[in-house]
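Down below is the structure, laid out as structure tokens.
Residue numbers (mature numbering (1 follows the signal peptide of the UniProt record, and there is no 0)): -22 to -1, 1 to 81.
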């Protein structure tokens, strides 16, 4: 029944919350990130900003492009149509970052 399914769902949710709160996750101590053994750990990563959604301030240094759409429209005008702008965008996403850059 629907009531039984709701009760089971709520019990499962409660169980998962209890398990998660009892699990050892990373935490902080001041400015340090600490693992479950109390050892300091470090993360590394990269920022893929401007890859999926063009950000105006990163595109040609022109602050007139506030949105992806504004830049895309201007690019369409410059390249002679939306199809060419779409082709450019496709190539951009293929070549902006690759596995070698991340690995």
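By construction, the Cβ of each residue, glycine as well, lies at the ideal position given by its N, Cα and C atoms.
Nearest-angstrom Cα distance between residue -19 and residue 6?
The residue you call residue -19 lines up with position 4 of the chain shown. The residue you call residue 6 lines up with position 28 of the chain shown. Cα-Cα distance, rounded: 40 Å.
Can you have a look at residue 53 and say buried or exposed, based on whether 16 or more other CB atoms are within 10 angstroms of its CB?
Here the question's residue 53 lines up with position 75 in the chain shown. By the neighbour-count rule (16 or more Cβ atoms within 10 Å), residue 53 is buried.
What residues match up with residue 5 in a beta bridge as DSSP calls it?
Residue 5 sits at position 27 when you count from the first residue of the chain shown. DSSP output for residue 5 lists 12 as bridge partner(s).
On the DSSP bridge assignment, give the partners of residue 19 in chain order.
Numbered from its first residue, the chain shown carries residue 19 at position 41. Beta-bridge pairing links residue 19 to 11.
Anyone know if the C-beta pair for residue 29 and residue 74 falls short of 8 Å?
Counting from 1 along the chain shown, the entry for residue 29 is found at position 51. Counting from 1 along the chain shown, the entry for residue 74 is found at position 96. Contact: yes.
Between which two residues does the alpha helix (DSSP H) containing residue 70 stretch?
If you number the chain shown from 1, residue 70 lands on position 92. 60 to 73 is the span of the alpha helix (DSSP H), which, as asked, contains residue 70.
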